[in-house]
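Q: Residue numbers (numbering that gives the first Met the number 0), protein chains in the order written: chain A, 0 to 245; chain B, 0 to 246. Glycine is no exception: its CB is placed at the ideal position from the N, C-alpha and C atoms.
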Amino acid sequence: MTAPFPTHKQEEWRYADLDSLRPVWEQFAEPVTVTVGAGESLEEVWLPAADDVQLRRVQLALGEGATARIFALNSAPVYGRIELEVSLAEAAEFELFAANIGTGLSTNEIVTNVKHIGVGGRSRQTVRSVLNGKAVGSYLGKVEVARGAQQTDAEQSVKAMLLDRGATANAKPELEIFADDVKCAHGATVGELDAMQLFYAESRGLDPASARALLLQGFVMGLWDGASDAEPICAAARDALRRVVV
Amino acid sequence: MLEITNLHATIADKPILNGVSLHVPAGEVHAIMGPNGSGKSTLAYVLAGRPGYEVSEGGVSFEDRDLLAMEPHERAAAGLFLGFQYPVEIPGISYLQFLRESLNSQRRSRGEAELSAGDFIKLAREQAGLLGMDAEMLKRPVNVGFSGGEKKRAEMVQMGIMSPRFTVLDETDSGLDIDALKSVGAGINRIMRAPDKGVLLITHYQRLLDYVEPDRVHVLQAGRIERSGGPELARELEREGYAEAVA
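Shown next, in the form of structure tokens:
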């Protein structure tokens with residue numbers, strides 16, 4: 000049975016490009032379920048495909064003490080959506096390092112719902128967007144801490160660079176906390192390149208345009224520093240950046 | 000080689016340099032000492048062209064060119080290097096990529112051939128080795144996770160790779176333990192002690208000057224050079240303090 004087609008009234012679909020999604024909805028409708036057993040660990044790298052519309056819906060269940068690290072690049076030419084629902088049992092750890100890179104009229108979005116069920120879980124979500132033209136890049140991240148999930152440590156860091164006046168970044172970290180001994184941090188910035196980094200690079204001989212291109216690369220590539228094999232996603236991100244930074 | 004004439008500079012309309020005049024001939028090392036807030040770092044940043052540091056009066060000529068008319072990257076290509084007091088972290092970009100692109104950008108603007116990846120790695124390894132830095136660190140993102148001392152040593156590795164004509168070192172000695180201080184001092188002498196090169200060494204303390212003997216020592220206070228002398232002036236300052244020495 001296919002899930003009902005979403006509407007913009009649903010918060011998690013608010014910024015979605017539903018017109019582009021409709022023709023392909025049937026093939027994507029059901030999420031994929033991934034379970035990481037107690038004490039086990041998972042590392043995945045999600046690269047963009049060549050399709051105009053790309054939708055990845057994953058439900059990730061982490062058992063006691065399990066760890067999962069997801070490295071993702073969302074860079075569809077028309078509409079890309081990464082949707083991730085995560086549940087963490089006691090002492091589980093979840094990390095997401097993801098980027099939206101978009102140009103033209105594209106919409107790319109990362110939508111997460113991280114549920115801390117057990118005690119002492121840790122989640123860290125780091126999302127970077129580089130947008131140009133009239134592109135839209137969004138992060139909607141909900142963190143739920145259940146009543147018994149004390150000592151939860153949840154962190155969301157969202158930063159976007161807009162290279163054009165027409166580009167749009169949406170950042171919406173959302174917290175729902177039912178435990179009293181937790182640490183939930185979130186920060187979101189939309190801005191420009193760091194002036195001191197630019198000056199440092201220029202003082203070494205890079206002209207302003209090259210310094211900017213290099214720093215944008217670093218802004219995104221810093222996400223993959225912890226991946227065991229970062230090269231495929233670095234290469235894909237460099238390609239995507241070349242289309243965006245002209 | 001570097002001629003600073005009556006230099007006045009402001010940051011956000013606040014005057015910091017109030018008429019600095021200084022001449023560093025080729026082949027010489029000059030030290031600038033002075034208390035906190037005297038304008039030492041501002042002078043370094045003005046020479047390198049940091050945005051927001053406005054020159055309101057005076058000028059700087061570097062090898063008979065108007066230094067202040069050049070953009071920061073043009074100053075680098077002309078052979079000026081600034082060793083930062085607080086080297087900047089750039090996540091996501093390896094030191095090797097950063098320095099290779101920088102060096103090749105300099106070489107292009109001087110009309111020189113670019114270095115191949117292989118030649119560059121050879122040069123970088125050699126310079127890291129000479130400064131006692133593990134060359135593997137150059138594969139890491141620029142200054143990320145480096146200790147204070149490692150950052151300063153990495154600045155000197157950069158200087159070795161760029162091989163500038165003139166270097167301004169802004170408190171390169173701070174954060175260094177005694178072994179690092181010795182190897183950084185030796186690096187400065189090896190890279191910069193030459194008849195056609197010059198050094199402006201900004202420091203609080205005498206200790207780096209034990210390893211890099213200056214030809215001249217200048218005391219900067221309230222944005223002006225208040226006193227100049229030979230190497231013995233640094234020892235006098237160390238002994239008696241700034242207030243006494245310029246009284």
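In chain order, what residues of the region 198-221 of chain A put their CB closer than 9 Å to some CB of chain B?
A: F198, Y199, A200, E201, S202, R203, G204, L205, D206, P207, S209, A210, L213, L214, Q216, G217, F218, V219, M220, G221
Q: Between V243(A) and N131(A), which are expected to be in contact by the criterion C-beta below 8 Å, what is the C-beta distance as a whole number of angstroms?
A: Indexing the first sequence from 1 puts residue 243(A) at position 244. Indexing the first sequence from 1 puts residue 131(A) at position 132. With 8 Å as the limit, V243(A) and N131(A) qualify as a contact, their Cβ atoms being about 5 Å apart.
Q: Under 8 Å, do S101(B) and R203(A) count as touching if we go by C-beta distance?
A: Numbered from its first residue, the second sequence carries residue 101(B) at position 102. Numbered from its first residue, the first sequence carries residue 203(A) at position 204. The answer is yes: Cβ separation under 8 Å.
Q: Of all the options M220(A), G103(A), E29(A), which has the alpha carbon lying nearest to the alpha carbon of V141(B)?
A: As a first step, residue 141(B) must be located in the second sequence, where it is residue number 142. Taking only the C-alpha atoms, the option nearest V141(B) is M220(A).
Q: Measure the CB-CB distance between T4(B) and S20(B) and report whether it falls below 8 Å.
A: Residue numbering aside, residue 4(B) sits at position 5 when the second sequence is read from its first letter. Residue numbering aside, residue 20(B) sits at position 21 when the second sequence is read from its first letter. Yes. Within cutoff.
Q: Is any non-hydrogen atom of the ligand HEM found closer than 7 Å to the C-beta of D238(A), if you look at the structure I gave you?
A: Among the components of this structure there are no ligands whatsoever, and the ligand HEM is therefore not found.
Q: Identify whether Q196(A) lies in helix, strand or coil by the three-state DSSP scheme.
A: In the first sequence, counting from the first residue as 1, residue 196(A) sits at position 197. Of the three classes helix, strand and coil, the one that applies to Q196(A) here is helix, per DSSP.
Q: Does any residue of chain B have a CB that is nearer than 8 Å to the CB of A28(A)?
A: Along the first sequence, read from residue 1 onward, the residue named residue 28(A) stands at position 29. No, because no Cβ of chain B sits closer than 8 Å to the Cβ of A28(A).
Q: Mapping the DSSP letters down to three states, classify H7(B) as helix, strand or coil.
A: Within the second sequence, the letter at position 8 stands for residue 7(B). Three-state DSSP puts H7(B) in a strand.
Q: In its own chain, which residues sit with a C-beta less than 8 Å from the C-beta of P30(A), not counting the 5 before and 5 after it?
A: If you number the first sequence from 1, residue 30(A) lands on position 31. If we look at P30(A) and ignore the five residues flanking it on each side, its Cβ neighbours are R56, V57, Q58, E82, E84.
Q: Does the region 63-72 of chain A touch the region 84-96 of chain A, meaning 3 or more C-beta pairs lie closer than 8 Å?
A: yes
Q: So is V198(B) in contact with chain A if we call contact Cβ pairs under 8 Å?
A: Here residue 198(B) refers to the residue found at position 199 of the second sequence. No - not a single Cβ of chain A is within 8 Å of the one on V198(B).
Q: When you compare the CB of R152(B) with every CB in chain A, is at least one pair closer than 8 Å?
A: Taking the first residue of the second sequence as 1, we reach residue 152(B) at position 153. Not closer than 8 Å to any Cβ of chain A, the Cβ of R152(B) fails to qualify, so no.
Q: Quick one: what's got a C-beta closer than 7 Å to A75(B)'s C-beta in the same chain, skipping five residues either side?
A: Taking the first residue of the second sequence as 1, we reach residue 75(B) at position 76. So the qualifying residues of the chain are Q105.
Q: Please list the segments of the beta strand (DSSP E) lying wholly inside the region 141-179 of chain B, counting only runs of 3 or more residues, in order along the chain.
A: Within the region 141-179 of chain B, the complete beta strand (DSSP E) runs of at least 3 residues are 165-169.
Q: Could you check whether the Cβ of F83(B) sits closer than 8 Å to any Cβ belonging to chain A?
A: If you number the second sequence from 1, residue 83(B) lands on position 84. For F83(B), the answer is yes, since a Cβ of chain A falls inside 8 Å of its Cβ.
Q: What residues of chain A sit near V87(B), judged by a beta carbon separation below 9 Å?
A: Within the second sequence, numbered from 1, the residue matching residue 87(B) stands at position 88. Near V87(B) (Cβ distances below 9 Å), the residues of chain A are D193, M195, Q196, F198, Y199, A200.
Q: Strictly below 9 Å CB to CB, what residues from chain B border D224(A)?
A: As a first step, residue 224(A) is located in the first sequence; it is residue number 225 there, counting from the start. In chain order: P90, G91, R139, P140, V143.
Q: If you pair each beta-carbon of the region 198-207 of chain B with each one of the region 16-33 of chain B, do three or more pairs fall below 8 Å?
A: Yes, the region 198-207 of chain B is in contact with the region 16-33 of chain B.
Q: Report the residues of the region 157-171 of chain B with a CB closer than 8 Å to any CB of chain A, ordered along the chain.
A: Under the 8 Å Cβ criterion, the region 157-171 of chain B contributes Q157, M161.
Q: Quick check: the Cα distance between G144(B) and I92(B), rounded to an integer number of angstroms?
A: On the second sequence, position 145 is the one that residue 144(B) refers to. On the second sequence, position 93 is the one that residue 92(B) refers to. Looking at the two C-alpha atoms, the distance is approximately 13 Å.
Q: So is S101(B) in contact with chain A if we call contact Cβ pairs under 8 Å?
A: Indexing the second sequence from 1 puts residue 101(B) at position 102. It does: the Cβ of S101(B) has a partner Cβ on chain A nearer than 8 Å.
Q: Report yes or no: do the region 121-131 of chain B and the region 183-194 of chain B share at least 3 C-beta pairs separated by less than 8 Å?
A: yes
Q: Interface residues of chain A around Q105(B) at Cβ under 7 Å?
A: Residue 105(B) sits at position 106 when you count from the first residue of the second sequence. By Cβ distance, chain A contributes G204.
Q: For a contact defined as C-beta to C-beta under 8 Å, what are the partners of A127(B) on chain A?
A: The count along the second sequence starts at 1 and reaches residue 127(B) at position 128. Under the 8 Å cutoff, chain A gives no residues; its nearest Cβ is about 16 Å from A127(B).
Q: Note down, in chain order, each residue of its chain lying with its Cβ closer than 8 Å to the Cβ of A25(B), except the 5 sequence neighbours on either side.
A: Position 26 of the second sequence, counted from the start, is the residue given in the question as residue 25(B). So the qualifying residues of the chain are M0, P194, D195, K196, G197.
Q: If Y210(B) and L180(B) are in contact, beta carbons under 8 Å, what's the gap, nearest whole angstrom?
A: Position 211 of the second sequence, counting from 1, holds the residue named residue 210(B). Position 181 of the second sequence, counting from 1, holds the residue named residue 180(B). Contact holds; Cβ gap of about 7 Å.
Q: Taking 8 Å as the CB-CB limit, is A43(B) close to chain A?
A: Residue mapping note: residue 43(B) aligns to position 44 of the second sequence, counting from 1. Cβ-Cβ to chain A under 8 Å: no for A43(B).
Q: Check the Cβ of A47(B) against every Cβ in chain A and list those closer than 7 Å, keeping chain order.
A: Along the second sequence, one-based indexing puts residue 47(B) at 48. Under the 7 Å cutoff, chain A gives S202.
Q: Name the DSSP beta bridge partners of Y52(B), please?
A: Within the second sequence, residue 52(B) is the residue found at index 53, counting from 1. DSSP, once it has assigned bridges, lists I10(B) as partnering Y52(B).
Q: Do three or more CB pairs link the region 80-89 of chain B to the region 130-141 of chain B at distances below 8 Å?
A: Taking 8 Å as the limit for Cβ pairs, the verdict is that the region 130-141 of chain B does touch the region 80-89 of chain B.
Q: If you compare alpha carbons, which of S115(B), G148(B), F119(B), G117(B) is closest to A130(B)?
A: Sequence index remark: in the second sequence, residue 130(B) carries index 131 (1-based). According to the sequence displayed, residue 130(B) carries Leu and not Ala. Ranking S115(B), G148(B), F119(B), G117(B) by Cα distance to L130(B) puts G148(B) first.
Q: So which residues on chain A does P14(B) lean against when the C-beta distance must stay under 9 Å?
A: The residue labelled residue 14(B) in the question sits at position 15 within the second sequence. None at all; the shortest Cβ gap to chain A is about 22 Å.
Q: Looking at the unbroken alpha helix (DSSP H) that takes in H7(A), where does it start and where does it end?
A: Here residue 7(A) is taken as the residue at index 8 of the first sequence, counted from 1. Premise fails: H7(A) is in no alpha helix (DSSP H) and is neither H nor E.
Q: So which of T166(B), L207(B), M158(B) has the shortest CA-CA distance to D178(B)?
A: The residue you call residue 178(B) lines up with position 179 of the second sequence. Nearest option by C-alpha distance: L207(B).
Q: Short of 9 Å Cβ to Cβ, which residues in the region 47-81 of chain B face chain A?
A: Contact residues of the region 47-81 of chain B toward chain A are A47, G48, R49, P50, G51, E70, P71, H72, E73, R74, A75, A76, L79, F80, L81 (C-beta to C-beta distance below 9 Å).
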